[in-house]
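Everything in the sequence shown is counted per this note's numbering, starting at 2 for the first residue and increasing by one.
Just so you know, even glycine gets a beta-carbon here, dropped at the ideal spot from N, CA and C.
In what follows, a structure is listed as structure tokens, so that the remarks can point back to it.
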Amino acid sequence: MSHDMVRAAHHDAAFPVDPDLPVDNPGIEEHVPRYTDVEVAAGNRAYRRVLALLALVPVLAIVNVVCYFAIPRNVGFNVLGTNFNAHALALGLTGGLAVLLIGIALVSWGRDIMVDEEIAEERHPAASSPEERAAALVKVKAGIHESQASRRKLILGALGGGVGVLALPAIVLLADMGPHPTAATRRETIERTIWAEGVRLVNDVTAKPLKASDLEIGQLVNAQPENLFYLHGTDYLVEKSKSSLIIVRMDPASIKIPASRQDWQVDGILAYSKICTHVGCPISLWEQQTHHLLCPCHQSTFDLANSGVVVFGPAARALPQLPITTDADGYLVARGDFTVPVGPSYFERDSSKDFKEGDQ
Numbered sequence: 002m003s004h005d006m007v008r009a010a011h012h013d014a015a016f017p018v019d020p021d022l023p024v025d026n027p028g029i030e031e032h033v034p035r036y037t038d039v040e041v042a043a044g045n046r047a048y049r050r051v052l053a054l055l056a057l058v059p060v061l062a063i064v065n066v067v068c069y070f071a072i073p074r075n076v077g078f079n080v081l082g083t084n085f086n087a088h089a090l091a092l093g094l095t096g097g098l099a100v101l102l103i104g105i106a107l108v109s110w111g112r113d114i115m116v117d118e119e120i121a122e123e124r125h126p127a128a129s130s131p132e133e134r135a136a137a138l139v140k141v142k143a144g145i146h147e148s149q150a151s152r153r154k155l156i157l158g159a160l161g162g163g164v165g166v167l168a169l170p171a172i173v174l175l176a177d178m179g180p181h182p183t184a185a186t187r188r189e190t191i192e193r194t195i196w197a198e199g200v201r202l203v204n205d206v207t208a209k210p211l212k213a214s215d216l217e218i219g220q221l222v223n224a225q226p227e228n229l230f231y232l233h234g235t236d237y238l239v240e241k242s243k244s245s246l247i248i249v250r251m252d253p254a255s256i257k258i259p260a261s262r263q264d265w266q267v268d269g270i271l272a273y274s275k276i277c278t279h280v281g282c283p284i285s286l287w288e289q290q291t292h293h294l295l296c297p298c299h300q301s302t303f304d305l306a307n308s309g310v311v312v313f314g315p316a317a318r319a320l321p322q323l324p325i326t327t328d329a330d331g332y333l334v335a336r337g338d339f340t341v342p343v344g345p346s347y348f349e350r351d352s353s354k355d356f357k358e359g360d361q
């Protein structure tokens, strides 16, 4: 038997034979009815399952709102060595589960309830003629009819209600955009750290106080305020994000120290904020020879031998410098808080007073 005869013997008569194709179009396999089409009770169970899934969505949305107001933001717990914030976890679980249930319900609706029909058509050009677009609209309307949305109005109502109520947590979360950042609010939040006069500078890993005599020229140390380690949970994380330091020691002869900052350093030891003024990345890439500090995120480069000014990259402001001195035991301590806000810029941030007249 020739190859062409074999092809003809196994070919689906509904599709023409194309001798230019290496393999004939086999057509669509015999349709196997779904269990929900064969058994009415199974179809009803699928219908109730979709309704139950969608009915849980508003419940989870309301629970999400209750958790937002009822769970304190500084409450946490530890599971297998991992710390979790109860407030954030509750919001994530309830909100995420609500969206997941909507997805499961839609998939179940499409697989078990909508009309089950398999269609094949020949490839055609991507551009559609006006007649084809009109025919497409007819098919869309037919698809809506086949989805049985008109017959299953309860499912459609449950879906609309679930999605609508799910918008409630999103609206409630807008409260986190406040309070309005007035000057007084900023002074008590983003423009303040826990650095204060007499607070010791300690190693950020061991929490051991740092002695000026122990630092060598060219050395960089990551540091935190000693009082940070008295905090826990959210308070600890918030304050750490603002108060993190890098301490460097350079040859005093190689440092350009402004007149107003002569007492901000100890024998060439300077302390700068570790938070990049571009978008807030932590910095510690230190070039000993050039005295430059490089941010790994967007390559902003700061000259620590010249008041932390920007010498390259997108950052618009110098790194804030912390005034330091030593206590009676020779340990490094802060003279007070930063004189300017740390971290990225914001609309209300006034950079005109970062340096005093004559400093640069």
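Checklist entry - When you compare each of Leu320, Ser301 and Cys68 to Phe313 by their alpha carbons, which one comes out closest? => result Translated into the one-based positions of the sequence shown, residue 313 becomes position 312. Ranking the options by Cα distance to Phe313, first place goes to Ser301.
Next on the checklist: Going by beta-carbon coordinates alone, are Arg74 and Glu198 separated by less than 8 angstroms?
Outcome noted: Counting from 1 along the sequence shown, the entry for residue 74 is found at position 73. Counting from 1 along the sequence shown, the entry for residue 198 is found at position 197. The answer is no: Cβ separation not under 8 angstroms.
Next on the checklist: So for Gly165, helix, strand or coil by DSSP?
Outcome noted: For the purposes of this step, residue 165 is identified with residue 164 of the sequence shown, where counting begins at 1. Of the three classes helix, strand and coil, the one that applies to Gly165 here is helix, per DSSP.
Next on the checklist: Rounded to whole angstroms, what is the Cα-Cα separation between Ile258 and Leu101?
Outcome noted: For the purposes of this step, residue 258 is identified with residue 257 of the sequence shown, where counting begins at 1. For the purposes of this step, residue 101 is identified with residue 100 of the sequence shown, where counting begins at 1. Taking the straight line from one Cα to the other gives about 58 angstroms.
Item to check | Run of the alpha helix (DSSP H) containing Asp38, from where it starts to where it stops | outcome: Taking the first residue of the sequence shown as 1, we reach residue 38 at position 37. First-last of the alpha helix (DSSP H) with Asp38: Tyr36 to Val39.
Checklist entry - Taking DSSP as the reference, what is the three-state secondary structure of Glu288? => result Stepping through the sequence shown from its first residue, residue 288 is reached at position 287. When secondary structure is reduced to three states using DSSP, Glu288 falls in the strand class.
Checklist entry - For the candidate residues Phe339, Leu216, Met251 and Ser130, whose alpha-carbon lies nearest to that of Tyr273? => result Position 272 of the sequence shown, counting from 1, holds the residue named residue 273. For Tyr273, the closest C-alpha among the options Phe339, Leu216, Met251 and Ser130 is that of Phe339.
Checklist entry - What is the C-beta distance between Gln220 and Val203, in whole angstroms, given that I count them as a contact (C-beta under 8 angstroms)? => result By 1-based counting over the sequence shown, the position of residue 220 is 219. By 1-based counting over the sequence shown, the position of residue 203 is 202. That pair is no contact at about 16 angstroms.
Checklist entry - When the Cα of Leu271 is compared with those of Glu288, Leu246 and Leu295, which residue comes out closest? => result The residue given as residue 271 occupies position 270 in the sequence shown. The shortest CA-to-CA distance from Leu271 to any of Glu288, Leu246 and Leu295 is the one to Leu246.
Next on the checklist: For Glu192 and Val343, what's the separation of their Cα atoms in angstroms?
Outcome noted: For the purposes of this step, residue 192 is taken as residue 191 along the sequence shown, with counting starting at 1. For the purposes of this step, residue 343 is taken as residue 342 along the sequence shown, with counting starting at 1. Cα to Cα, the separation comes out at about 7 angstroms.
Item to check | Where Pro131 sits in the DSSP three-state scheme | outcome: For the purposes of this step, residue 131 is taken as the residue at position 130 of the sequence shown. Three-state result, Pro131: helix.
Checklist entry - Taking only beta-carbon atoms, is Ala254 less than 8 angstroms away from chain C? => result Here there is only one protein chain, and chain C is not present.
Checklist entry - Between Val51 and Ile156, is the Cβ-Cβ spacing less than 8 angstroms? => result Counting from one through the sequence shown, the residue named residue 51 turns up at place 50. Counting from one through the sequence shown, the residue named residue 156 turns up at place 155. Val51 places its beta carbon less than 8 angstroms from that of Ile156.
Next on the checklist: I'd like the list of long-range same chain contacts for Ala43, defined as Cβ closer than 6 angstroms, with 5 residues on each side in sequence excluded.
Outcome noted: Looking up residue 43 in the sequence shown gives position 42. The residues are Tyr36 and Thr37.
Next on the checklist: Let me check one thing: in DSSP terms, what residues is Val222 bridge-paired to?
Outcome noted: For the purposes of this step, residue 222 is taken as the residue at position 221 of the sequence shown. DSSP lists Ile248 as the bridge partner or partners of Val222.
Checklist entry - On the premise that Leu333 lies in contact with Leu211, defined as a C-beta separation below 8 angstroms, what is that separation, rounded to the nearest angstrom? => result To locate residue 211, count along the sequence shown from 1; it is residue 210. To locate residue 333, count along the sequence shown from 1; it is residue 332. Correct: roughly 5 angstroms between the Cβ atoms.
Item to check | Collapsed DSSP secondary structure at Phe339 in the structure displayed | outcome: If you number the sequence shown from 1, residue 339 lands on position 338. When secondary structure is reduced to three states using DSSP, Phe339 falls in the coil class, being assigned neither helix nor strand.
Checklist entry - Across which residues does DSSP place Arg46 in a beta bridge pair? => result The residue given as residue 46 occupies position 45 in the sequence shown. Looking at the DSSP assignment, Arg46 forms no beta bridge with any residue, so it has no partner.
Item to check | Cβ separation of Ile218 and Asp252, assumed to be a contact under 8 angstroms, to the nearest whole Å | outcome: Counted from its first residue, the sequence shown places residue 218 at position 217. Counted from its first residue, the sequence shown places residue 252 at position 251. Between Asp252 and Ile218 the Cβ distance is about 6 angstroms, and since that is below 8 angstroms, they are a contact.
Checklist entry - Are Val341 and Leu305 close, meaning C-beta to C-beta below 8 angstroms? => result Translated into positions along the sequence shown, residue 341 becomes position 340. Translated into positions along the sequence shown, residue 305 becomes position 304. Not in contact: Val341 and Leu305 (Cβ atoms no closer than 8 angstroms).
Item to check | With 16 other Cβ atoms within 10 Å as the buried cut-off, status of Pro27 | outcome: Here residue 27 refers to the residue found at position 26 when the sequence shown is read from its first residue. Residue environment analysis places Pro27 among the exposed positions, since fewer than 16 neighbouring C-beta atoms fall within 10 angstroms of its C-beta.
Checklist entry - Expressed to the nearest angstrom, what Euclidean distance is found between the alpha-carbon atoms of Tyr48 and Gly96? => result Indexing the sequence shown from 1 puts residue 48 at position 47. Indexing the sequence shown from 1 puts residue 96 at position 95. Spanning the two alpha carbons is a distance of roughly 24 angstroms.
Next on the checklist: Along the chain, where does the beta strand (DSSP E) containing Asp304 start, and where does it finish?
Outcome noted: The sequence position of residue 304 within the sequence shown is 303, counting from 1. For Asp304, the enclosing beta strand (DSSP E) begins and ends at Thr302 to Asp304.
Item to check | Classification of Leu323 by the beta-carbon crowding that lies within 10 angstroms, buried from 16 upward | outcome: In the sequence shown, the residue the question calls residue 323 occupies position 322. Classification for Leu323: buried.
Item to check | Residue environment, Glu227, which counts as buried when at least 16 other CB atoms sit within 10 Å | outcome: Reading the sequence shown from its first residue, position 226 is the one you call residue 227. In the assembly as shown, Glu227 is a buried residue. Its beta-carbon has 16 or more other beta-carbons within 10 Å.
Checklist entry - What does DSSP give as the partner residues of Leu202 in its beta bridges? => result Within the sequence shown, residue 202 is the residue found at index 201, counting from 1. Beta-bridge pairing links Leu202 to Pro226.
Checklist entry - How big is the Cα-Cα spacing for Ala213 and Thr327? => result Residue 213 sits at position 212 when you count from the first residue of the sequence shown. Residue 327 sits at position 326 when you count from the first residue of the sequence shown. Pairing Ala213 with Thr327, the inter-Cα distance amounts to about 7 angstroms.
Item to check | Tyr347 burial status per 10 Å Cβ neighbour count (16 or more: buried) | outcome: The residue you call residue 347 lines up with position 346 of the sequence shown. Exposed.
Next on the checklist: Comparing C-alpha positions only, which one of Lys140, Ala53 and Asn84 sits nearest to Tyr237?
Outcome noted: Taking the sequence shown and counting its residues from 1, the one referred to as residue 237 is at position 236. If we check each option's Cα against that of Tyr237, Asn84 comes out closest.
Next on the checklist: Out of Leu92, Ser308, Val108 and Arg187, which one is the CA nearest neighbour of Trp265?
Outcome noted: In the sequence shown, the residue the question calls residue 265 occupies position 264. Put simply, of Leu92, Ser308, Val108 and Arg187 the residue whose alpha carbon is nearest the alpha carbon of Trp265 is Ser308.
Checklist entry - On the three-pair Cβ rule with 8 angstroms, is the stretch 98-118 touching the stretch 162-169? => result Output reads yes: the stretch 162-169 touches the stretch 98-118.
Checklist entry - Near Gly281, what residues of its chain come up, given a Cβ to Cβ distance below 6 angstroms and the 5 sequence neighbours on each side ignored? => result To locate residue 281, count along the sequence shown from 1; it is residue 280. These residues qualify, in order along the chain: Gly344 and Pro345.
Checklist entry - For Val100, which three-state DSSP category applies? => result Position 99 of the sequence shown, counted from the start, is the residue given in the question as residue 100. Three-state DSSP puts Val100 in a helix.
Next on the checklist: So the candidates are Leu286, Leu216, Leu90 and Leu81; which of them puts its Cα closest to the Cα of Cys68?
Outcome noted: The residue given as residue 68 occupies position 67 in the sequence shown. Comparing C-alpha distances from Cys68 to each of Leu286, Leu216, Leu90 and Leu81 shows the shortest one belongs to Leu90.
Item to check | Assumed close pair Leu55, Ala159 - CB separation to whole angstroms, cut-off 8 angstroms | outcome: On the sequence shown, residue 55 is found 54 positions in, with the first residue counted as 1. On the sequence shown, residue 159 is found 158 positions in, with the first residue counted as 1. Confirmed, Cβ separation roughly 4 angstroms.
Checklist entry - So Asn65 and Pro170 are in contact, right, with Cβ under 8 angstroms, and what is the actual spacing, rounded? => result As a first step, residue 65 is located in the sequence shown; it is residue number 64 there, counting from the start. As a first step, residue 170 is located in the sequence shown; it is residue number 169 there, counting from the start. The Cβ separation is near 4 angstroms, so the contact holds.
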